[in-house]
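Below: the structure, in structure tokens.
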Amino acid sequence: MLSFLNPALLFGLAGLAIPIVIHLVNRQRAEPLRFSSIRFIKRTTLQQKNRRSLTDLLLLLLRLAFLAAVIIALAGPRWEPEPEGLQPGNEIEETVIFVVDASSSLSGWGGWEESMSTFRTQLAAFPDDTEVGLVVFGKGVLAELAPTLNRSLVENTLLTMYPEQTEGVPGLGIKRALELLGSAPGRRIVVLSDFQLSTWQSDMLPDIDSGTRIDFVGVGNFDQPNFSILSVDSFASREGGTRLVARVKNDSPEPAEIPVRLQVRGAELEEVNRFSPGQIQPVAFKVAEGSGTEGRLFLPEDAYLEDNEYRLWMGPTPSTNVLVVIPVEAEPEKLDEADFVSKALSVEILGGANQYFVSGSDVSVDIGALIGKVDALYLAGSVPYFSEEQMEDLQRYLEAGGTAFVTPGKMAAKQHQKLREHGLSEMTYVGRSKSTVEGGVPHHVGWINPDSDLGKLFDEEAAVDLYQMRIYRYTRFRAGEGAEVLLRSEDGDPLFVRERIGKGTLLTSAWSWDARSSDLPLRFSFLPLLRESLVGAMGDKEGTIRLKCGDLLSPEYLPEGASPSDSEYYLLTVEPNVFVLNNTPFEVNVSRVESVSQRAVLSDLRAQLFQNAKIVSTLESDSALDLNIRSLWLYFVMAATLLYLIETILSGYIDSRSSHEAHA
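Quick note: the sequence shown uses this note's numbering, first residue 44, plus one each step.
Structure below.
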């Protein structure tokens, strides 16, 4: 059948009738004649002649055909065979496997109900002699059936399933389906999922060969409003008792008043806050109970219930110890940077889970003595001034789990060199950017890593302030293979990079965090950027282990000889739970990754799956993977060229004939 890549351009064909209509509607007026005397001529009104009739019809048709051919060529015509589709009587033998998403998000937004209904419809549309299999996935493969003619078995297997409270890993489901299909003829996979962006944006999707067809069938309605508890932190209040701070999001296009309820030992507290569309804000509670109390937070029922409850262990958070190290004698201007950083970390903010204790030192500090005592080192241009012994101690500090936050100073090149020589960084110094301190266009952040903690913190409106930050100068370097770039400039240069060193983390900034290098210290994004960077590097400090439903316990917390897969320990993390094991409290909650109400782009998913195939399919879910599509635009271009030549010859002939008749 004939189809078009740009069918909207075909409306231009309607414009071909305009010159014909104008020609027919217009009436020709009588031609006035001048006389030397009008004495014997009676005065009268000029009359219009009858409507014109078409003349030189062949020439007109040629010109209209030329324009029509050009319009159709621009519309991108192509010929593709009729899609096989899910039609009874399909003569092509197929082997089909349904891959059904049963991750936590399918329990909301009407996803699972629609998935079951769509499955029955799709299953009934296949011929009775088509073998059909099944793979149901959540965090792993939950159920599977090899291709069979027993439709009842396939349907009943799926009807016994329900979404788990775990993240989805679609790559495992598709990979298992490919294994079950093997080399069967007419291999076909039908995926039923809500195609949640956070789940399907994964590097774990397998490669599919061009001989396998895959159909994407989306279910669920993400337009329904949803409220979610993203996280809850507890810490000791200065007035006694415990303070809880929950981060709650209104994921809907309308403002809403959301009541948040806290249950602690039978008592119940409630706070009602007003939320703007898409807003995330903290909700605080003050309770008299101290450490060692289990609590639950609740939101009203909405489109997705699993993120309306949060189980927590109310243990206080010990303060995070940060040491700011600066070369006071060599670079006294670094005192300003230390002052900005110290004040930003020392301020107590609502919703801040970590309290910081900040101290300072010069470059003569004994780093070896800090191992296990200081959680983070802020090295403001200090690395070039460290001795060999200090660099070795810094390596041991990082490998033991410490965090180092490094900013450049006067000797940025030497700083990168020393870090590379001691195996602490794979980055290579390139040079310095052009300074815009005394004029010129400042540099800006052009990209925030969407997969990082910063990408989740600075989303949409929250990222505007960070993108508007003015950077007057920065060091340019190339990130190594093991580095995670968190921020890039508009020119693509790495601005903020994270590297893992043993159990620790090295954070490297391309600019100094003071008012001389940028206006970041004067912006709203300074405090959350600094704190989130340190929190993401250090992880939880409160002694409470936070797990997602479906995570296995680490063997270090189990008795000798016990396995995380033993039912006694495996069942502890299957659903939301709070428990104490080996004197360590654990919180288990549904992953908030499943709360993202955005759908992945199916064409991007298809391209990723077929990226290593010889031919990449670009057809949507309701059309077959057909390799016999023929583009026809070239034929219409040739036809337009031929019509233009004929019209030119004929027009010249008519003009020549008219000229001869006039002379005659």
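Idealized CB from N, CA, C, for every residue including glycine.
Next item on the list: Measure the CB-CB distance between residue 177 and residue 200 and report whether it falls below 8 Å.
Entry: Locating residue 177 in the sequence shown gives position 134, counting from the first residue. Locating residue 200 in the sequence shown gives position 157, counting from the first residue. Yes, the pair counts as a contact, with Cβ atoms nearer than the cut-off.
Next item on the list: Measure the C-alpha to C-alpha separation of residue 673 and residue 122 and round it to an integer number of angstroms.
Entry: Reading the sequence shown from its first residue, position 630 is the one you call residue 673. Reading the sequence shown from its first residue, position 79 is the one you call residue 122. Their backbone Cα atoms lie some 5 Å apart in a straight line.
Note to self: Buried or exposed, going by whether 16 or more other CB atoms sit within 10 Å of the CB of residue 563?
What the structure shows: For the purposes of this step, residue 563 is identified with residue 520 of the sequence shown, where counting begins at 1. Looking at its Cβ environment, which holds 16 or more other Cβ atoms inside 10 Å, residue 563 is buried.
Item checked: residue 416 classed as buried or exposed, judged by whether at least 16 other C-beta atoms fall within 10 angstroms -> Translated into the one-based positions of the sequence shown, residue 416 becomes position 373. Exposed.
Next item on the list: Please classify residue 142: is it buried, with 16 or more other beta-carbons within 10 angstroms of its beta-carbon, or exposed?
Entry: Working through the sequence shown from its first residue, we reach residue 142 at position 99. It counts as buried.
Margin query: Suppose you measure from the CA of residue 523 to the CA of residue 678; what does that come to, to the nearest Å?
Written below: Here residue 523 corresponds to residue number 480 of the sequence shown, with the count starting at 1. Here residue 678 corresponds to residue number 635 of the sequence shown, with the count starting at 1. So the alpha carbons of these two residues sit roughly 51 Å apart.
Check: By DSSP, does residue 492 sit in helix, in strand, or in coil?
Finding: On the sequence shown, residue 492 is found 449 positions in, with the first residue counted as 1. It is coil, neither helix nor strand.
Margin query: Tell me whether the region 536-548 and the region 444-461 touch, counting them as touching only if at least three CB pairs, one residue from each stretch, are closer than 8 Å.
Written below: Touching, yes, given that three or more Cβ pairs across the two stretches are closer than 8 Å.
Checklist line | Segment limits, beta strand (DSSP E) that includes residue 109 | finding: Position 66 of the sequence shown, counting from 1, holds the residue named residue 109. Element bounds for residue 109: not the beta strand (DSSP E) but the alpha helix (DSSP H), 100-117.
Notebook entry, point to check: residue 296 and residue 343 look like a contact to me (Cβ under 8 Å); what is the Cβ gap, rounded to whole Å?
Noted result: Along the sequence shown, read from residue 1 onward, the residue named residue 296 stands at position 253. Along the sequence shown, read from residue 1 onward, the residue named residue 343 stands at position 300. Residue 296 to residue 343, Cβ: 18 Å. No contact.
Note to self: Does residue 411 come out as helix, strand or coil in the three-state DSSP assignment?
What the structure shows: Your numbering for residue 411 matches position 368 in the sequence shown. It is helical.
Checklist line | DSSP-derived helix/strand/coil call for residue 59 | finding: By 1-based counting over the sequence shown, the position of residue 59 is 16. In this structure, residue 59 counts as helix in the three-state DSSP scheme.
Note to self: Please state the DSSP three-state secondary structure of residue 306.
What the structure shows: As a working mapping, residue 306 is identified with position 263 in the sequence shown. When secondary structure is reduced to three states using DSSP, residue 306 falls in the strand class.
Margin query: I'd like to confirm the pairing. Which residues does DSSP put opposite residue 289 in its beta bridges?
Written below: Numbered from 1 along the sequence shown, position 246 holds the residue referred to as residue 289. Paired residues: 275 and 326.
Notebook entry, point to check: Considering only C-alpha positions, which residue in the set 459, 554 and 528 is nearest to residue 476?
Noted result: Mapped onto the sequence shown, residue 476 falls at position 433. Ranked by Cα distance from residue 476, the options 459, 554 and 528 are led by 554.
Notebook entry, point to check: Near residue 406, what residues of its chain come up, given a Cβ to Cβ distance below 7 Å and the 5 sequence neighbours on each side ignored?
Noted result: To locate residue 406, count along the sequence shown from 1; it is residue 363. Within the same chain, residue 406 has close Cβ partners 368, 370, 425, 428 and 429.
Next item on the list: Return the first residue and the last residue of the alpha helix (DSSP H) that residue 159 is part of.
Entry: Along the sequence shown, one-based indexing puts residue 159 at 116. Looking at the DSSP string, the run of the alpha helix (DSSP H) that includes residue 159 is 154-168.
Margin query: Helix, strand or coil, according to DSSP, for residue 379 in the structure here?
Written below: Stepping through the sequence shown from its first residue, residue 379 is reached at position 336. When DSSP states are grouped into helix, strand and coil, residue 379 belongs to the helix group.
Item checked: the region 47-64 contacting the region 100-111, beta-carbon criterion three pairs below 8 Å -> Proximity of the region 47-64 to the region 100-111 meets the contact definition, three or more beta-carbon pairs being nearer than 8 Å.
Check: What is the DSSP secondary structure of residue 544, reduced to helix, strand or coil?
Finding: Taking the first residue of the sequence shown as 1, we reach residue 544 at position 501. In the structure shown, residue 544 sits in a strand (DSSP, three-state: E or B).
Checklist line | Three-state secondary structure assigned by DSSP to residue 457 | finding: Position 414 of the sequence shown, counting from 1, holds the residue named residue 457. Three-state result, residue 457: helix.
Check: DSSP state of residue 145, grouped into three classes?
Finding: By 1-based counting over the sequence shown, the position of residue 145 is 102. DSSP, reduced to helix, strand and coil, places residue 145 outside both helices and strands of the structure shown, so it counts as coil.
Next item on the list: With DSSP as the reference, label residue 319 as helix, strand or coil.
Entry: For the purposes of this step, residue 319 is taken as residue 276 along the sequence shown, with counting starting at 1. Three-state DSSP puts residue 319 in coil, outside helix and strand.
Margin query: Check this for me: beta carbons of residue 538 and residue 488, under 8 Å apart or not?
Written below: Taking the first residue of the sequence shown as 1, we reach residue 538 at position 495. Taking the first residue of the sequence shown as 1, we reach residue 488 at position 445. Going by C-beta atoms, residue 538 is nearer than 8 Å to residue 488.
Note to self: Let me make sure I understand the geometry here. Which of 507, 147, 516 and 310 has the alpha-carbon closest to that of residue 212?
What the structure shows: As a first step, residue 212 is located in the sequence shown; it is residue number 169 there, counting from the start. Residue 212 has its Cα closest to that of 147, out of 507, 147, 516 and 310.
Margin query: Would you call the region 189-197 in contact with the region 157-177, where contact means no fewer than 3 C-beta pairs closer than 8 Å?
Written below: Segments in contact, yes.
Margin query: Based on DSSP bridge pairs, tell me the residues matched to residue 562.
Written below: The sequence position of residue 562 within the sequence shown is 519, counting from 1. DSSP output for residue 562 lists no bridge partner at all.
Notebook entry, point to check: Is residue 452 helix, strand or coil by DSSP?
Noted result: Taking the sequence shown and counting its residues from 1, one reaches residue 452 at position 409. Residue state, collapsed to three classes: coil.
Next item on the list: Could you tell me the boundaries of the beta strand (DSSP E) in which residue 258 lies?
Entry: Within the sequence shown, residue 258 is the residue found at index 215, counting from 1. In the DSSP assignment, residue 258 falls within the unbroken beta strand (DSSP E) covering 256-261.
Notebook entry, point to check: Opposite residue 176 in the DSSP bridges: which residues?
Noted result: Position 133 of the sequence shown, counting from 1, holds the residue named residue 176. BP columns for residue 176 point to 140.
Next item on the list: Please name the residue or residues paired with residue 423 in a DSSP beta bridge.
Entry: Taking the sequence shown and counting its residues from 1, one reaches residue 423 at position 380. Beta-bridge pairing links residue 423 to 450.
Item checked: N-terminal and C-terminal residue of the beta strand (DSSP E) that residue 122 is part of -> Taking the sequence shown and counting its residues from 1, one reaches residue 122 at position 79. Counting along the chain, the beta strand (DSSP E) containing residue 122 begins and ends at 120-122.
Checklist line | CA nearest to the CA of residue 474, picked from 451, 496 and 47 | finding: Here residue 474 refers to the residue found at position 431 when the sequence shown is read from its first residue. Ranking the options by Cα distance to residue 474, first place goes to 451.
Next item on the list: Give the straight-line distance between the Cα atoms of residue 612 and residue 642, rounded to the nearest whole angstrom.
Entry: Here residue 612 refers to the residue found at position 569 when the sequence shown is read from its first residue. Here residue 642 refers to the residue found at position 599 when the sequence shown is read from its first residue. In this model, residue 612 and residue 642 are separated by some 35 Å (Cα to Cα).
Next item on the list: Taking only the alpha-carbon atoms, compute the straight-line gap between residue 160 and residue 58 and give it to the nearest angstrom.
Entry: Walking along the sequence shown from the start, residue 160 turns up at place 117. Walking along the sequence shown from the start, residue 58 turns up at place 15. Distance from the CA of residue 160 to the CA of residue 58, rounded to the nearest whole angstrom, comes to 45 Å.
Check: To the nearest whole angstrom, what separates the beta carbons of residue 465 and residue 438, a pair I think is in contact under 8 Å?
Finding: Counting from one through the sequence shown, the residue named residue 465 turns up at place 422. Counting from one through the sequence shown, the residue named residue 438 turns up at place 395. With a beta-carbon spacing of about 6 Å, residue 465 and residue 438 fall inside the 8 Å limit used to define contacts.
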